Amino acid sequence: MSSKHYDIVIIGGSVAARIAAALLAKQGNRMLFLRNHEAKAPAWFHSSLFLEKLLGVLGGR
Numbered sequence: 768m769s770s771k772h773y774d775i776v777i778i779g780g781s782v783a784a785r786i787a788a789a790l791l792a793k794q795g796n797r798m799l800f801l802r803n804h805e806a807k808a809p810a811w812f813h814s815s816l817f818l819e820k821l822l823g824v825l826g827g828r
């Protein structure tokens, strides 16, 4: 049986959770990101372009 090691597990799909996951992954952490696929969010919320712009504003990239 193989096991996987993650440094950090983030549960939730909010903007804050996505930002935290992106920033921690950029620092080299192995991430497991879990969210509810049934949760409805606006289309722009799932855009990586939106997240990249937001990270730029926050100084995270």
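In the working numbering, the protein residues as written are 768 to 828. Glycine included, every Cβ here is placed at the ideal spot set by N, Cα and C. Model, not experiment: these values are computed from the prediction.
So residue i is in the alpha helix (DSSP H); what residue range does that whole segment cover?
| i | result |
| --- | --- |
| R785 | 782-793 |
| K771 | First-last for K771: undefined, no H or E at that position. |
| G823 | 815-825 |
Rounded to whole angstroms, what is the Cα-Cα separation between residue i and residue j?
| i | j | result |
| --- | --- | --- |
| H772 | N803 | 22 Å |
| V782 | G823 | 14 Å |
| A787 | G795 | 13 Å |
Less than 8 Å separating the beta-carbons of residue i and residue j?
| i | j | result |
| --- | --- | --- |
| R797 | L818 | no |
| I775 | L791 | yes |
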